[in-house]
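Mind the numbering: the sequence shown is residues 19 to 134 in our numbering, read in order. Note that the Cβ used here is the ideal one computed from N, Cα and C, for glycine as well. Computed from a predicted model, the values in this text were never measured in an experiment.
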Amino acid sequence: MNKQLMIIGIILILLTVGLSGCTETSNTLNPITNKFIGDWDGGAIDINIYSNGTVKYRNTKDKQSATGTWGVNGDILTFDFSHSNTIIWRYAFSNNDQTLTLTVTLTGQKIVFTKQ
């Protein structure tokens, strides 16, 4: 009887350990997405881009700020702010990924950001 309980206990432990890895999700960002993570200074605009998919956008000239989510699809960077609208940018990195040029797709306005 004790031998059977021990075998059942070992089986339950092995099942628990084996199944615990089944729900693991990867938080690894792809190399392109990883370039965006950090604090960016664009003069009158500061952007903080986080690996958890959130973004903080501050216009220091107008003293306005917004928090939302961000994503990348091809050469498009999107900021989605729930209280306002979505900003869609075309992006280009330069200077060993320390300079980020964003172009607003609707207006063509370009803003150059430097990684802090």
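Cutoff 6 Å; reference residue i; Cβ partners in own chain excluding five residues on either side
{"i": "residue 110", "result": "119"}
{"i": "residue 51", "result": "90"}
{"i": "residue 71", "result": "87"}
{"i": "residue 79", "result": "62"}
Beta-carbon proximity check, residue i vs residue j, cutoff 7 Å
{"i": "residue 56", "j": "residue 128", "result": "no"}
{"i": "residue 65", "j": "residue 75", "result": "yes"}
{"i": "residue 98", "j": "residue 87", "result": "yes"}
{"i": "residue 106", "j": "residue 96", "result": "yes"}
Residues near residue i by beta carbon distance below 8 Å, same chain, minus five either side
{"i": "residue 116", "result": "132 and 133"}
{"i": "residue 104", "result": "96, 97 and 98"}
Beta strand (DSSP E) segment containing residue i, residue limits
{"i": "residue 132", "result": "128 to 133"}
Same chain, Cβ closer than 7 Å to residue i, neighbours up to 5 away in sequence not counted
{"i": "residue 60", "result": "129, 130 and 131"}
Jot down the residue ranges of each uninterrupted beta strand (DSSP E) in the stretch 49 to 117, minimum 3 residues, whole runs only, in chain order. 56 to 59, 63 to 67, 72 to 77, 82 to 91, 94 to 98 and 104 to 112
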